[in-house]
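Worksheet: the structure to be examined is printed underneath.
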Amino acid sequence: GQQLNQSPQSMFIQEGEDVSMNCTSSSIFNTWLWYKQDPGEGPVLLIALYKAGELTSNGRLTAQFGITRKDSFLNISASIPSDVGIYFCAGQRRGSTLGRLYFGRGTQLTVWP
Amino acid sequence: GAGVSQSPRYKVAKRGQDVALRCDPISGHVSLFWYQQALGQGPEFLTYFQNEAQLDKSGLPSDRFFAERPEGSVSTLKIQRTQQEDSAVYLCASSLSGLNTGELFFGEGSRLTVL
Numbered sequence: 002g003q004q005l006n007q008s009p010q011s012m013f014i015q016e017g018e019d020v021s022m023n024c025t026s027s028s029i030f031n032t033w034l035w036y037k038q039d040p041g042e043g044p045v046l047l048i049a050l051y052k053a054g055e056l057t058s059n060g061r062l063t064a065q066f067g068i069t070r071k072d073s074f075l076n077i078s079a080s081i082p083s084d085v086g087i088y089f090c091a092g093q094r095r096g097s098t099l100g101r102l103y104f105g106r107g108t109q110l111t112v113w114p
Numbered sequence: 238g239a240g241v242s243q244s245p246r247y248k249v250a251k252r253g254q255d256v257a258l259r260c261d262p263i264s265g266h267v268s269l270f271w272y273q274q275a276l277g278q279g280p281e282f283l284t285y286f287q288n289e290a291q292l293d294k295s296g297l298p299s300d301r302f303f304a305e306r307p308e309g310s311v312s313t314l315k316i317q318r319t320q321q322e323d324s325a326v327y328l329c330a331s332s333l334s335g336l337n338t339g340e341l342f343f344g345e346g347s348r349l350t351v352l
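Residue numbers (this note's numbering), protein chains in the order written: chain A, 2 to 114; chain B, 238 to 352.
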């Protein structure tokens, strides 16, 4: 089952607004990643984080690896219609097979023009 | 093509039928993963190959599920005697090295519906 608690489950925002979503776990993770999935497609990697406390940006996206190694957040600034989709947090848990990812349930983002 | 290719994109099976799902990873990618994504859920790990070796199959839900990658490139996920609870999207992903940073390239998935 899912080991990551992702929130919110869905968001409805207006174009131009900022968005924030987060992910928590009871287990320690060595890597946190954020993926985006469009309907009928596979997930696409947005940002990867490898060190506790790390803050990384990719254009309008910013993500952080929590100090406790049990959480991460993703911010999207100045949202645009093409940001619509499902955002998943994912992590590599300490002690598990390298490359085996645990995913959250996703945040469904809707952007109104 | 340049990406991970999966076939068929859609498969409808009657309960009890066997199905085979194919994955063509990105050329040269060492690692290959299968994930199962139920409706409204995130992907869940099934199994992992490094070249032709299946290094982790702990996520396979039952012995009806079997995966192979005999020549270290194309992989097949086989489900025997399908059940309704097997209905899901089956995602294949690959990564370049065996270091497995978590940076996976996913295919579009094969959507299986079991009636």
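From the three backbone atoms N, C-alpha and C, an ideal C-beta is built for every residue, glycine too.
Can you confirm whether residue i, when its beta carbon is compared against all beta carbons of chain A, has any partner nearer than 7 angstroms?
i	result
F303/B	no
L328/B	yes
G265/B	no
Y247/B	no
D323/B	no
S244/B	no
Q278/B	yes
E340/B	yes
Does the CB of residue i have a neighbour CB from chain B at under 7 angstroms?
i	result
G17/A	no
R44/A	The residue you asked about is not Arg; residue 44/A is Pro in the sequence shown. Judged by the 7 angstroms Cβ criterion, P44/A is in contact with chain B.
G107/A	yes
G100/A	yes
Q93/A	yes
Within 10 Å of its beta-carbon, does residue i have 16 or more other beta-carbons around it, so buried, or fewer, so exposed?
i	result
G107/A	buried
V249/B	exposed
D39/A	exposed
W33/A	buried
P9/A	exposed
G41/A	exposed
T16/A	Per the sequence shown, residue 16/A should be read as Glu rather than Thr. Label assigned to E16/A: exposed.
A290/B	exposed
Alpha carbons only, please: which of the options is nearest the one belonging to residue i?
i	options	result
I263/B	A239/B, E340/B, Q320/B	A239/B
N59/A	T69/A, I48/A, F66/A, P44/A	I48/A
R61/A	E42/A, G54/A, G43/A, I81/A	I81/A
L110/A	G100/A, N31/A, Y36/A, T69/A	Y36/A
L50/A	N31/A, P44/A, G43/A	N31/A
Sort out for me which residues DSSP pairs residue i with in a bridge.
i	result
V256/B	I316/B
D261/B	S242/B
G86/A	L110/A
query: Quick one: any contact between the region 318–331 of chain B and the region 6–25 of chain A, if contact means 3 or more CB pairs under 8 angstroms?
result: no
message: Is it the case that the region 311–330 of chain B contacts the region 246–258 of chain B, given that we only count it when at least three CB pairs across the two stretches are under 8 angstroms?
response: yes
message: Pairs of beta-carbons, one from the region 83–93 of chain A and one from the region 242–257 of chain B, closer than 8 angstroms: are there three or more?
response: Under the three-pair Cβ rule at 8 angstroms, the region 83–93 of chain A does not count as touching the region 242–257 of chain B.
message: Within 8 angstroms, do at least three Cβ pairs link the region 290–300 of chain B to the region 62–77 of chain A?
response: The region 62–77 of chain A vs the region 290–300 of chain B: no contact.
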